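In our numbering, the protein residues as written are 308 to 504.
#1: According to DSSP, simplified to helix, strand and coil, what is residue 492?
#2: For the alpha helix (DSSP H) that residue 471 lies in, which residues bound it at each end?
#3: Could you give the residue range of the alpha helix (DSSP H) that holds residue 441?
#4: For a quick check, are the C-beta atoms of residue 416 and residue 371 less than 7 Å apart?
#5: Between which two residues does the beta strand (DSSP E) harbouring residue 480 extend?
#6: Distance check for residue 312 and residue 325, CA to CA, integer angstroms please.
#7: Taking just the CA atoms, how far does residue 473 sit from residue 435?
#8: Return the CA-CA distance between residue 487 and residue 337, expressed in angstroms with no decimal places.
#9: Cα separation between residue 408 and residue 443?
#10: Is residue 318 helix, strand or coil by DSSP?
#11: Hey, residue 448 and residue 426: beta-carbon distance below 7 Å or not?
#12: With a cut-off of 8 Å on the beta carbons, I'd call residue 479 and residue 446 a contact; round off their distance for me.
#13: Along the chain, where does the alpha helix (DSSP H) containing residue 374 start, and where does it finish?
Structure, rendered in structure tokens:
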């Protein structure tokens with residue numbers, strides 16, 4: 308399974324700048340250094356679709372990518388380690404929350420967590436916020452190629468435990484932008500939501 312076309316559409320600093328609500332949307336959220344842009348490129352099957360950077364916080368707006376003229380991927384600004392003033396980070400937080408709550412065409416939030424580390428307090432807060440607001444989401448455990456099979460299983464169990472303590476049950480998909488592991492599962496999950504009218 309592979310997506311055929313992927314095109315950058317626009318960068319939206321606020322909800323009012325987003326495209327018209329005509330196509331389903333799938334947003335990628337997570338810490339600034341979790342590898343969102345790399346994962347978007349791999350899932351979409353286009354190497355230079357989303358710009359990657361070694362500098363956390365490079366994505367500062369909601370970047371829209373149209374996939375197969377059927378739906379959008381939305382790359383959200385990362386949270387946590389962005390090297391920007393606190394005032395700017397606070398604004399991002401408000402704009403993103405507004406998007407997540409008000410965007411009618413948002414079908415699924417893909418929350419990226421680095422598989423090499425336990426979920427941070429920010430990750431846990433976001434899990435709870437999404438569940439409390441009844442937002443469909445899945446957890447993508449990135450950089451799975453950096454771990455042995457045993458350590459990856461432990462990573463998955465750690466996330467399951469955190470979610471279970473909040474009485475949350477959602478898909479957890481180990482994946483790697485480097486090797487392509489987990490891409491078919493992510494694509495299938497996305498298409499399930501596209502086809503679920």
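The beta-carbon is built from N, C-alpha and C at its ideal position, and this holds for glycine as well.
These figures come from a predicted structure and were not determined experimentally.
Straight from the coordinates:
#1: helix
#2: 456-472
#3: Unbroken run through residue 441: none, as it is neither H nor E.
#4: no
#5: 479-481
#6: 20 Å
#7: 7 Å
#8: 19 Å
#9: 12 Å
#10: strand
#11: no
#12: 5 Å
#13: First-last for residue 374: 369-374, but that is the beta strand (DSSP E), not the alpha helix (DSSP H).
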